[in-house]
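Participant: Residue numbers (this note's numbering), protein chains in the order written: chain A, 287 to 505; chain B, 379 to 640. Note that beta-carbon positions come from the ideal geometry of N, C-alpha and C, so glycine has one too. Take a look at this one; I'll ask things after.
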Amino acid sequence: MRWCHWVNFPILTIMIWSGMLIYWANDTYTFALFGHTFFRFFPKWFNDAFNIPGRLAEGMAFHFLFMWFFTINGVVYILYTLFSGEWRELVPKRNSFKEAWQVLLHDLHIRKMAPPQNKYNAAQRIAYTAIIIMGFGSLITGLAIYKPVQFNTLAWLCGGYHVARIEHFVLTIGYVLFFIIHVVQVVLAGWRNFQSVITGFEVVNDKPKPVIKPAADEK
Amino acid sequence: MKNNPKLKKVKKPLTIEQKINRRTFISFGTFAVLSGAAYGGWSWLKNSPKEMRSVTAGAKAPLRRALNKTELFFRNFFSNNNLVKTYPKERAAKVVRYNSDIGLQNQPDIENWRLQVTKQSGEVMNITLDELKALPKTEIIYDFKCVEGWDQISHWGGVRFSDFIHHFKLDDQTKLDYVGLVTPDKKYYVGLDMPSAMHPQTLLAYEMNDKPLIPKHGEPLRLIIPVKYGIKNLKCIGSMAFSNRRPPDYWAEKGYDYYSGL
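This is how it looks when you write it as structure tokens:
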């Protein structure tokens, strides 16, 4: 459902940005091993470049407004996908995990042949289903952080308030990594493919008679 | 591609080429218009003026409206049966984080300290620390949560707020919607909705880690309210007042949510 996709893009951008305004107030998450800190999230120049510091209250206000839109958009997407039957194109099949490996090798130019596919290949099925589960995870961990006492069951499910906050953060980093790979793949897939995500169809054969194949989603 | 009824009306049927071009044009046009609308909405929000200064201040007006509406929605989930998780004593931090000295710069006169309680009628009660200590002591070891994002398990002891209310026959006052607390120097002040104040885990604390409070943590009496962020856990209570109007709140005047509930 391409509408949800495009609606989600600005919402998620705002959620990540306002999340960074919040994170700045207590920027303690690091990669550390044996007491040595290898990596610290967001160096000063990064925060200064995006005008992050000192805007915690503003960040929270934005975050707690756009969380509604993020949730509604996600619910609409899932309901539509379920009722239209499009989930069949999206959910990984039994052999998807094996095939996804072949797709990966193919995309990295290690393997010549890509496994046969319908609308989405096996790697896409896994990635696109995972991102929906991640979205749901952000919602659950988010609620666990937002009202850890009222929703203490959710907080408990996430392993407590402190852990839920880390999970929420890790999921966000996951979105950023997803976005980078996603954009690279879109560029590689070419303009025709990109066009289909806006129009809903893709022209696959120009000669002698054009055949039209439903691509992103056809009503 | 389904047949578009509009296209059918055209005398000469369109070629497939034309249909493709037309649909592509419409789709991109719609996309551009909606993107423009989204951008317009965003700049409206970004450039919206700050709210009028009242009990709350410092936030953009539409965002403050959203915060208040969201607060009212999530209040529906509030219940005295929803308790903050408690921990065994060993888990409590020995060195409790000290984050702010707002309202603490002027040392209060501990000898002559009284908790000044103003009823709605204007009647004032002055309560000594010994009177509070004579009431049943309640202890709590829980994860204290700061709005900045850090949390720390800490151990507090004192009088349950609801016990205090019943003992001093202030029950009629709790029919009002809010209670406000202020430091002796009046530099720090918080407003609490009555259900949160009356929550069974809300304490008027006079002990930390089994010892009397030290000045940095609000000697002689402070609020411990686990259903709120740290910003509402006022250190060094000077006075208390009941009201149906929202009492002034230090951080709500600086753009934070008035409720700040957990």
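May I ask you to report which of helix, strand or coil DSSP gives W303 (chain A)?
Facilitator: Walking along the first sequence from the start, residue 303 (chain A) turns up at place 17. W303 (chain A) falls in the helix class under three-state DSSP.
Participant: Do L510 (chain B) and Y584 (chain B) have their C-beta atoms closer together than 8 Å?
Facilitator: The residue you call residue 510 (chain B) lines up with position 132 of the second sequence. The residue you call residue 584 (chain B) lines up with position 206 of the second sequence. It is a contact, given that the beta carbons lie within the stated cut-off.
Participant: Which residues, taken in chain order from the region 458–486 of chain B, show a beta carbon closer than 9 Å to some beta carbon of chain A?
Facilitator: Listed in sequence order: N460, L461, V462 and K463.
Participant: What in chain A is Cβ-close to K523 (chain B), meaning under 8 Å?
Facilitator: Taking the second sequence and counting its residues from 1, one reaches residue 523 (chain B) at position 145. Chain A residues near K523 (chain B): P434 and Y447.
Participant: For M259 (chain A), which residues in chain B fall below 9 Å Cβ to Cβ?
Facilitator: Outside the modelled stretch of chain A, which goes from 287 to 505, sits residue 259 (chain A), for which no answer is possible.
Participant: Is the beta carbon of R411 (chain A) sitting closer than 8 Å to the one on V361 (chain A)?
Facilitator: For the purposes of this step, residue 411 (chain A) is taken as the residue at position 125 of the first sequence. For the purposes of this step, residue 361 (chain A) is taken as the residue at position 75 of the first sequence. Taking 8 Å as the Cβ cut-off, R411 (chain A) and V361 (chain A) do not qualify as a contacting pair.
Participant: So, L461 (chain B) versus P593 (chain B), is the Cβ gap smaller than 8 Å?
Facilitator: Residue mapping note: residue 461 (chain B) aligns to position 83 of the second sequence, counting from 1. Residue mapping note: residue 593 (chain B) aligns to position 215 of the second sequence, counting from 1. Cβ atoms of L461 (chain B) and P593 (chain B): not closer than 8 Å.
Participant: Please classify T393 (chain B) as buried or exposed, where buried requires at least 16 other C-beta atoms within 10 Å of its C-beta.
Facilitator: On the second sequence, residue 393 (chain B) is found 15 positions in, with the first residue counted as 1. Its Cβ having fewer than 16 others within 10 Å, T393 (chain B) is exposed.
Participant: Between P604 (chain B) and chain A, is any beta-carbon pair separated by less than 8 Å?
Facilitator: Position 226 of the second sequence, counted from the first residue, corresponds to residue 604 (chain B). So, interface residue.
Participant: Just to confirm the assignment, what range does the beta strand (DSSP E) spanning G436 (chain B) have?
Facilitator: The residue given as residue 436 (chain B) occupies position 58 in the second sequence. Here G436 (chain B) belongs to no beta strand (DSSP E), and DSSP marks it neither H nor E.
Participant: Using the beta-carbon count (16 or more within 10 Å), is Q485 (chain B) buried or exposed?
Facilitator: Position 107 of the second sequence, counting from 1, holds the residue named residue 485 (chain B). Under this definition Q485 (chain B) is an exposed residue.
Participant: Tell me whether W331 (chain A) is buried or exposed, calling it buried when 16 or more other Cβ atoms sit within 10 Å of its Cβ.
Facilitator: One-based indexing of the first sequence puts residue 331 (chain A) at position 45. It is exposed - the Cβ of W331 (chain A) has fewer than 16 other Cβ atoms within 10 Å.
Participant: Going by the beta-carbon positions, is the gap between M306 (chain A) and Y366 (chain A) smaller than 8 Å?
Facilitator: Taking the first residue of the first sequence as position 1, residue 306 (chain A) is located at position 20. Taking the first residue of the first sequence as position 1, residue 366 (chain A) is located at position 80. No. Outside cutoff.
Participant: Taking all protein chains shown into account, do 16 or more other C-beta atoms lie within 10 angstroms of the C-beta of F403 (chain B), making it buried, or fewer, making it exposed?
Facilitator: As a working mapping, residue 403 (chain B) is identified with position 25 in the second sequence. That one is exposed.
Participant: Determine which residues share a DSSP beta bridge with F620 (chain B) and list them.
Facilitator: Mapped onto the second sequence, residue 620 (chain B) falls at position 242. Per DSSP, B:V557.
Participant: Measuring only the C-alpha atoms, how far is H448 (chain A) from P514 (chain B)?
Facilitator: Locating residue 448 (chain A) in the first sequence gives position 162, counting from the first residue. Locating residue 514 (chain B) in the second sequence gives position 136, counting from the first residue. About 32 Å.
Participant: What does DSSP give as the partner residues of N484 (chain B) in its beta bridges?
Facilitator: As a position in the second sequence, residue 484 (chain B) is number 106, starting the count at 1. DSSP lists no partner for N484 (chain B).
Participant: Please confirm whether R401 (chain B) has its beta-carbon closer than 8 Å to some beta-carbon of chain A.
Facilitator: What you label residue 401 (chain B) is simply residue 23 of the second sequence in a count that begins at 1. Yes, its Cβ sits closer than 8 Å to a Cβ of chain A.
Participant: Please say whether F620 (chain B) and V557 (chain B) have beta carbons closer to each other than 8 Å?
Facilitator: On the second sequence, residue 557 (chain B) is found 179 positions in, with the first residue counted as 1. On the second sequence, residue 620 (chain B) is found 242 positions in, with the first residue counted as 1. It is a contact, given that the beta carbons lie within the stated cut-off.
Participant: Would you mind listing the alpha helix (DSSP H) stretches within the region 407–491 of chain A that are 4+ residues and don't spill past its ends, in chain order?
Facilitator: 408–432, 438–443, 447–475 and 477–485
Participant: What residues match up with K589 (chain B) in a beta bridge as DSSP calls it?
Facilitator: Position 211 of the second sequence, counted from the first residue, corresponds to residue 589 (chain B). DSSP, once it has assigned bridges, lists B:M586 as partnering K589 (chain B).
Participant: Quick check on the burial criterion: 16 or more other C-beta atoms within 10 angstroms. Buried or exposed for L570 (chain B)?
Facilitator: For this step, residue 570 (chain B) is matched to residue 192 along the second sequence. L570 (chain B) comes out buried.
Participant: Put I394 (chain B) into one of helix, strand or coil per three-state DSSP.
Facilitator: By one-based count along the second sequence, residue 394 (chain B) stands at place 16. Look at I394 (chain B) here: in three-state DSSP terms it is helix.
Participant: Considering Cα atoms alone, identify which of B:K497, B:D563, B:I519 and B:N587 is closest to I543 (chain B).
Facilitator: Against the second sequence, residue 543 (chain B) aligns to sequence position 165. Closest option to I543 (chain B), Cα to Cα, is B:K497.
Participant: Is there a C-beta anywhere in chain B that falls below 8 Å from the one on G486 (chain A)?
Facilitator: For the purposes of this step, residue 486 (chain A) is identified with residue 200 of the first sequence, where counting begins at 1. Output row for G486 (chain A): interface = yes.
Participant: So for K564 (chain B), helix, strand or coil by DSSP?
Facilitator: Here residue 564 (chain B) refers to the residue found at position 186 of the second sequence. DSSP places K564 (chain B) in coil when its eight states are reduced to three.
Participant: Would you say N438 (chain A) lies against chain B (beta-carbon separation less than 8 Å)?
Facilitator: Taking the first residue of the first sequence as 1, we reach residue 438 (chain A) at position 152. Under the 8 Å criterion on CB atoms, N438 (chain A) is classed as interfacial with respect to chain B.
Participant: Using three-state DSSP, classify V389 (chain A) as helix, strand or coil.
Facilitator: Residue 389 (chain A) sits at position 103 when you count from the first residue of the first sequence. DSSP, read as helix, strand or coil, puts V389 (chain A) in helix.
Participant: Does K390 (chain B) pass the burial test, meaning 16 or more other C-beta atoms within 10 Å, or should it be called exposed?
Facilitator: As a position in the second sequence, residue 390 (chain B) is number 12, starting the count at 1. The residue in question, K390 (chain B), is exposed, as its Cβ has fewer than 16 Cβ neighbours within 10 Å.
Participant: For P604 (chain B), does the count of other Cβ atoms within 10 angstroms reach 16, so buried, or fall short, so exposed?
Facilitator: Here residue 604 (chain B) refers to the residue found at position 226 when the second sequence is read from its first residue. Under this definition P604 (chain B) is a buried residue.
Participant: In whole angstroms, what is the alpha-carbon distance linking F539 (chain B) and F546 (chain B)?
Facilitator: Taking the second sequence and counting its residues from 1, the one referred to as residue 539 (chain B) is at position 161. Taking the second sequence and counting its residues from 1, the one referred to as residue 546 (chain B) is at position 168. Rounded to the nearest angstrom, the two C-alpha atoms are 11 Å apart.
Participant: At which residues does the alpha helix (DSSP H) containing F369 (chain A) begin and terminate?
Facilitator: As a working note, residue 369 (chain A) is residue 83 in the first sequence. Note, F369 (chain A): alpha helix (DSSP H), L342 to S370.
Participant: Within 8 Å of any Cβ in chain A, is that where the Cβ of Q396 (chain B) sits?
Facilitator: Reading the second sequence from its first residue, position 18 is the one you call residue 396 (chain B). Taking Cβ atoms only, chain A never reaches closer than 8 Å to Q396 (chain B), which makes this a no.
Participant: Note down the Cα distance separating P339 (chain A) from G633 (chain B), rounded to an integer number of angstroms.
Facilitator: Here residue 339 (chain A) corresponds to residue number 53 of the first sequence, with the count starting at 1. Here residue 633 (chain B) corresponds to residue number 255 of the second sequence, with the count starting at 1. Approximately 15 Å, taken between the alpha carbons.
Participant: Just checking, does the region 432–441 of chain B make contact with the region 342–350 of chain A on the three C-beta pairs under 8 Å criterion?
Facilitator: yes
Participant: Say whether chain A places a C-beta atom closer than 8 Å to the C-beta of G436 (chain B).
Facilitator: Counted from its first residue, the second sequence places residue 436 (chain B) at position 58. Yes, because at least one Cβ of chain A sits closer than 8 Å to the Cβ of G436 (chain B).
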